[in-house]
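There are 2 protein chains.
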Amino acid sequence: MSLTIKSHVASPTYLSFTTKPSRFTGYNSKIRPNSIYHFNPLKLTYYQPKKMQAPVQYSPAPVIKSSLIEPDGGALVDLVVPEGERGAKTIEAESLPKVRLTKIDVEWVHVISEGWANPLKGFMREDEYLQSLHFNSLRLKDGSIVNMSLPIVLAIDDETKERIGSSSHVGLAGPDGDLIAILRSIEIYKHNKEERIARTWGTTAPGLPYVEEVIIPAGNFLIGGDLEVLKPIKYNDGLDHYRLSPKQLRKEFDRRNADAVFAFQLRNPVHNGHALLMNDTRRRLLEMGFKNPILLLHPLGGFTKADDVPLDVLEDGVLDPKTTIVAIFPSPMHYAGPTEVQWHAKARINAGANFYIVGRDPAGMGHPTEKRDLYDPDHGKKVLSMAPGLEKLNILPFRVAAYDIVAKKMAFFDPSRAKDFLFISGTKMRTYARTGENPPDGFMCPGGWEVLVKYYESLQAEEATQQPAAVSS
Amino acid sequence: MSLTIKSHVASPTYLSFTTKPSRFTGYNSKIRPNSIYHFNPLKLTYYQPKKMQAPVQYSPAPVIKSSLIEPDGGALVDLVVPEGERGAKTIEAESLPKVRLTKIDVEWVHVISEGWANPLKGFMREDEYLQSLHFNSLRLKDGSIVNMSLPIVLAIDDETKERIGSSSHVGLAGPDGDLIAILRSIEIYKHNKEERIARTWGTTAPGLPYVEEVIIPAGNFLIGGDLEVLKPIKYNDGLDHYRLSPKQLRKEFDRRNADAVFAFQLRNPVHNGHALLMNDTRRRLLEMGFKNPILLLHPLGGFTKADDVPLDVLEDGVLDPKTTIVAIFPSPMHYAGPTEVQWHAKARINAGANFYIVGRDPAGMGHPTEKRDLYDPDHGKKVLSMAPGLEKLNILPFRVAAYDIVAKKMAFFDPSRAKDFLFISGTKMRTYARTGENPPDGFMCPGGWEVLVKYYESLQAEEATQQPAAVSS
């Protein structure tokens, strides 16, 4: 089990333009066990994480900008043990019954420990799990409601449950056996996988990526409790400096004196349609009276096809580095459509974004066994706009961008001259890239396109030589 | 399609002691198309609905007792057209495109029209449907939240959608063609059955009663809108006087000067364990300081196996008619466990109950394809206690009753002398009744038991002669 997950998490970027993952296009066939996440910032580090180390400089009249939007439930949790206590806690962890984590479990430890799931302080106990599953929200002790649409849970098998016995605390070990955390005041309860899947995805059809890779192979119990993480989670893949915590992001927004932060969740390469959208959003915010709106361009970096983000589009001056922060969102991807988009938005609240851009079919995918979208493409934004606990977040729905064959550029679709617009689907783009054909002028900056074509060539070459091995891994 | 549903709704009482419906025990094989609901009050009408007609008499210092608990969203809706307008509205309805309802659709019209689903004013539009499906609650315009766990929707097929065309309103006709309502300012949207089923039941396994009978045969679109009901829904089965509306119940609680109302949802015959529980609840309420707690004994009367309620137990003086109101809850049954129990509780808020008794596995059933309970038997009360919009309701969890072989009566289970207790399962009781064997003394009053045995004998006789016909109906 952990091997399967390991190979997945360690899979290379599967670069794709499609707006939904296809279970037929290499989800499992692109695995190269020893490779790392492929992320190609192309030397363009508009945002220099090093600057985070410098003392925060406020403008002459300091304003606590992180109050643009409060984290869910109050102050951000920070579940990493202070350095001075690490030795003693590690010794204690060694004395406890152990739970071995998968790489995806570790990603969740990372997510929880930095406060993305604020106010969650650990893996969910049953009360939290049930509220998440049934209400997509948690009621806090003061009666207030926070959004919590995905169950953030840790599964254990019967044998591990047996080994834990009546212990109140357990040590959590990474896939390589290193102790990474203590889970305190634990509660063990049943993992009804069918119910979890049905209520999270709205289907139980076989072929859902997270279900197949994570839930089906997992144990029949869930273990909740409070996390104490022994040291910050690092992946040592050359990209850790992009993995800014909510606290770091909030500080950076303050440093730049942002008066609005708009987050853009990505799992596909940026093309000019996206750039158009982000610039248009900025324009709308300026028109609303904001003086310094900052874009959080925030590709998801956890379990997924780990889509590459060719930052070349920035190089061409389409997006302005002064008003854009690029960082990695460390969450795994569920592809659970309207349920998951709430999580994507909620986590960005915790990171200090008070505007969230949402498009067509967010976190959606094709139905795994039927020839249709799994979710109604409009449900994501509708559900998001009504979701409990997200009232304080400003939802900015996408306008649909398409290629304007008259203006020869990406533009917002104008229904009054519909036939002037070309919708370039993910499949179409992939065909262009695979066959070496160029997309229409102005769809993407030429530099970015070259990177994609080369990437496809490398994938095709690799498939030709490695497919049998990859399939068996 | 409508025939299947018709035969079901018109099925006789299928008397059973089981706490869950089994898809193997006659759910479909007991159909007698021309019979009516079997409900046997045995001449014992403790509550005389006629009294409702008399002017409400307040005590010398009048107190607005219906303020024990406010209906969800404010005043109770009353969607029945005033008598003076019926003629004109009926003429208008005749001029509109028609939607033909099933018997179960009519039950929902009934439920909505009397305010059980307050503040819902008609079948759900998509915004309400999505909130119900994802959040089990609705956010009202003033920002407040009401519980709404089951989608209350009306399905139409492609042909009906075509026929409606661009009309803003439609006429709703009953199964026999009679116009019963107008649905105004309609909205038609897709009926994704798989997603509805998965999110409502937490499974998509075949064999869920409501799914098989109602959802699978239904059309691919849902139509929402505001209801205007042309005249009160009546079933003419001799039991309409038991179908008290929330408004009538509230008036009756006032008339009796109730200072607490505790509701007990039933779909199985009352036995002495129930009686013990209800009396114990009354005792607890008196201990809490309430002077006049009233029990709402409230069997569900819509689509279901329509379990009989042998009121004989009342005859034996176990429950006090002065402090008990027996009425029928007109809702269809989903058997959707933790999702449905919220509906059962919410509807009773609207009827004026401020206490709700909840037991083991409420609205649960056996898994339709696996040998286990579909729901964790404790999840119902846990979910209920955390459900959004139900904060104002007092949840009273069951204590487990069992047969005490020492005291020879039903008593609350005492774990310290576990072996003195006999758990009489539904299956065991049915076996007793079928074989003519008596249950232990004190389990149920002898008169009640006789009724059950006779009922089983009649079923068996009927099965022997009618089974082939019944199976084919």
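One line per chain: the protein sequences are A and B, in this order. Counting in numbering that gives the first Met the number 0, the first sequence runs from 0 upward without gaps. Counting in numbering that gives the first Met the number 0, the second sequence runs from 0 upward without gaps. Glycine included, C-beta positions come from ideal geometry on N, C-alpha and C.
Does DSSP put residue i in a helix, a strand or coil?
i, result
"residue 285/B", "helix"
"residue 148/B", "coil"
"residue 297/B", "strand"
"residue 509/A", "No answer is possible for residue 509/A: the residues shown for chain A start at 0 and end at 472."
"residue 234/A", "coil"
"residue 123/B", "coil"
"residue 252/A", "helix"
"residue 132/B", "helix"
"residue 320/B", "helix"
"residue 104/B", "helix"
"residue 140/B", "coil"
"residue 196/A", "helix"
"residue 246/B", "helix"
"residue 409/A", "strand"
"residue 345/B", "helix"
"residue 179/A", "strand"
"residue 374/A", "coil"
"residue 381/A", "helix"
"residue 110/B", "helix"
"residue 328/A", "strand"
"residue 416/A", "helix"
What residues from chain C crowd round residue i, counting only those whose CB sits closer than 8 Å?
i, result
"residue 126/A", "This model lacks chain C altogether, as its protein chains are A and B."
How many angstroms separate the CA atom of residue i from the CA atom of residue j?
i, j, result
"residue 286/A", "residue 322/A", "16 Å"
"residue 386/A", "residue 301/B", "32 Å"
"residue 198/A", "residue 83/B", "47 Å"
"residue 120/B", "residue 95/B", "20 Å"
"residue 381/B", "residue 126/A", "8 Å"
"residue 72/A", "residue 231/B", "48 Å"
"residue 379/B", "residue 236/B", "33 Å"
"residue 172/B", "residue 216/B", "18 Å"
"residue 137/B", "residue 439/B", "47 Å"
"residue 79/B", "residue 299/B", "22 Å"
"residue 371/B", "residue 363/B", "11 Å"
"residue 214/B", "residue 281/B", "39 Å"
"residue 437/B", "residue 130/B", "49 Å"
"residue 288/B", "residue 393/B", "15 Å"
"residue 159/A", "residue 169/A", "11 Å"
"residue 163/B", "residue 209/A", "42 Å"
On the CB-based measure, 16 or more other CB atoms within 10 Å of its CB, does residue i come out buried or exposed?
i, result
"residue 93/B", "exposed"
"residue 242/A", "buried"
"residue 102/B", "buried"
"residue 140/B", "exposed"
"residue 418/A", "exposed"
"residue 445/B", "exposed"
"residue 104/A", "buried"
"residue 325/A", "buried"
"residue 327/B", "buried"
"residue 478/A", "This structure leaves residue 478/A out entirely; chain A is present only between 0 and 472."
"residue 290/A", "exposed"
"residue 134/B", "buried"
The segment 136–155 of chain A touching the segment 218–226 of chain A, judged by at least three CB pairs closer than 8 Å: Between the segment 136–155 of chain A and the segment 218–226 of chain A, the count of Cβ pairs shorter than 8 Å is three or higher; the stretches touch.
Within 9 Å of chain B by C-beta, residues of the segment 320–351 of chain A in sequence order: Flagged, chain order: 337, 338, 341.
Members of the segment 107–133 of chain A near chain B, C-beta cut-off 9 Å: Residues 125, 126, 129, 130, 132, 133.
Cβ contact check for the segment 355–374 of chain B and the segment 255–266 of chain B: 3 or more pairs under 8 Å: Yes: at least three Cβ pairs fall under 8 Å.
Segment contact flag, the segment 340–349 of chain A with the segment 110–129 of chain A, C-beta cutoff 8 Å, min 3 pairs: With the cut-off at 8 Å, the segment 340–349 of chain A and the segment 110–129 of chain A touch.
Interface positions of the segment 144–171 of chain A facing chain B (Cβ-Cβ less than 9 Å), listed along the chain: Listed in sequence order: 144, 148.
Meets three-Cβ-pair contact criterion under 8 Å: the segment 322–342 of chain A and the segment 383–401 of chain A: Yes, the segment 322–342 of chain A touches the segment 383–401 of chain A.
Near-chain B residues of the segment 358–373 of chain A - C-beta to any C-beta below 7 Å: For the segment 358–373 of chain A, which is checked against every Cβ of chain B, not one residue is closer than 7 Å.
Three or more C-beta pairs below 8 Å linking the segment 181–193 of chain A and the segment 239–255 of chain A: With a cut-off of 8 Å on Cβ pairs, the segment 181–193 of chain A is not in contact with the segment 239–255 of chain A, counting fewer than three such pairs.
Given 8 Å, three or more beta-carbon pairs between the segment 326–338 of chain B and the segment 370–382 of chain B: By the C-beta criterion, the segment 326–338 of chain B is judged to be in contact with the segment 370–382 of chain B, since at least 3 inter-stretch pairs fall below 8 Å.
Contact list for the segment 184–197 of chain B against chain A, Cβ threshold 9 Å: Residues of the segment 184–197 of chain B with a C-beta atom less than 9 Å from some C-beta of chain A are 188, 189, 191, 193, 194, 195, 196, 197, listed in chain order.
Touching by the beta-carbon criterion (3+ pairs, under 8 Å), the segment 406–425 of chain A and the segment 269–282 of chain A: Yes, the segment 406–425 of chain A is in contact with the segment 269–282 of chain A.
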